[in-house]
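Notes for the one structure printed next.
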Ligand SMILES: [Zn+2]
């Protein structure tokens, strides 16, 4: 898929204008019709995060022992959130548990590009807000 196609996927699900990661989580929870909860746990050193599709909720777990910064944490949450979106778009395609390790896997590549696009949407919003703030409060 071209970058435009990925942006179209975000737009088709109301994720091309979200101002924050929390807002994106709300949108995906709305699509799924169930909560998407983000937690943290020590998962050892082989993964950055994981997604668990439970019967009543989606759980995103960030690995406390491999996260290096807030920005990294946000990217990991965005990546796992795009696994949830992917499962919503095509339930056949996704497993119930996704570990972030195999970038040679087509699902992992697709999800990673979607996550990068989503973070661009959010950073663009942050950049705009920053410029407005400095304009309004010089
Ligand atoms: Zn993944």
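Numbering (this note's numbering), first residue to last: 1 to 138.
For each residue, glycine too, the CB sits at the ideal point set by N, CA and C.
*asked:* Just verifying my parser: in three-state terms, what is the DSSP assignment at residue 127?
replied: helix
*asked:* Can you list, in chain order, the residues of its chain with a C-beta nearer than 7 Å to that of residue 7? Leave out the 5 residues immediately preceding and following it.
replied: 16, 117, listed in sequence order.
_Same chain only: Cβ atoms within 6 Å of residue 59, ignoring 5 sequence neighbours per side_ = Only residues of its own chain outside the window of five on either side were considered, and among them 37, 52 have a CB closer than 6 Å to the CB of residue 59, listed in chain order.
_Nearest neighbour of residue 90, chosen from 43, 61, 32, 44 [CA to CA]_ = 32
*asked:* Just to confirm my understanding: we take residue 56, look at its own chain, exclude 5 residues before and 5 after, and list those with CB closer than 7 Å. What are they?
replied: 34
_Please report the straight-line C-alpha distance between residue 127 and residue 41, rounded to a whole angstrom._
31 Å
*Quick one: what does DSSP say residue 53 is sitting in, helix, strand or coil?*
strand
_Residue from 106, 12, 119, 19 whose Cα sits closest to the Cα of residue 73_ = For residue 73, the nearest C-alpha among the options comes from 119.
*asked:* Could you tell me the alpha carbon to alpha carbon distance between residue 48 and residue 79, rounded to whole angstroms?
replied: 10 Å
*With a cut-off of 8 Å on the beta carbons, I'd call residue 85 and residue 13 a contact; round off their distance for me.*
6 Å
*Please indicate yes or no: does the CB of residue 9 lie closer than 7 Å to some heavy atom of ligand 1?*
no
*Status (buried if at least 16 other CB within 10 Å, exposed otherwise) for residue 100*: Note that residue 100 scores 49 on pLDDT, short of 50, meaning its location in the model is unreliable and no value can be drawn from it.
*Considering only C-alpha positions, which residue in the set 45, 9, 43 is nearest to residue 28?*
9
*Which ranges does the alpha helix (DSSP H) cover as unbroken runs of at least 4 residues, wholly within the region 31–82, from first to last along the chain?*
none
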